[in-house]
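The sequence shown begins at 2 in our numbering and counts up by one. Beneath this line is the structure, given in structure tokens, with notes to follow.
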Amino acid sequence: AYFHMGKAHLALKNYSVARECYQKISEINPQLQAQVKDYLNQVNLREKADLQEKEAHRLLDAGKNTAVTVRNLLETLCKPDQTPLFYAGGIEILTEMMKDCTEQTLF
């Protein structure tokens, strides 16, 4: 039951409650500690990804230069019937811009 509760809270982005549910499993059955560790790791990864996504959207809404540029570059690269050199150059620029988490998340 705690496993399903943990999954439900994870889906609802209630990360602290999800952690509590998974830790309760470990208290009830210490033999499942390795699995509980994996579940807790999933919660941590989801929470980190959620925070990065929120930060990326905040920067995009605030008009951060690189965030807006990435969006504009992607829109430009969607143009059909361009020469291969056009796309290759755009991909090269995009690769250079993917240096931090914000740009990677926006991409």
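Ideal Cβ positions, reconstructed from N, Cα and C, are used throughout, including at glycine.
Next item on the list: Count the other C-beta atoms from every protein chain shown that fall within 10 angstroms of the C-beta of L52, then say buried if there are 16 or more, exposed otherwise.
Entry: exposed
Note to self: I'd like to know whether the C-beta atoms of Y23 and V37 end up nearer to each other than 8 Å.
What the structure shows: yes
Check: Between A50 and V44, what straight-line distance do the alpha-carbon atoms span, to the nearest angstrom?
Finding: 10 Å
Check: Among K14, Y3 and A57, which has the Cα closest to the Cα of S27?
Finding: Y3
Next item on the list: Return the CA-CA distance between A19 and E76, expressed in angstroms with no decimal places.
Entry: 38 Å
Margin query: Buried or exposed for L11, going by 16 or more other Cβ atoms inside 10 Å?
Written below: buried
Next item on the list: Could you spell out where the alpha helix (DSSP H) holding K25 opens and where it closes?
Entry: Y16 to I29
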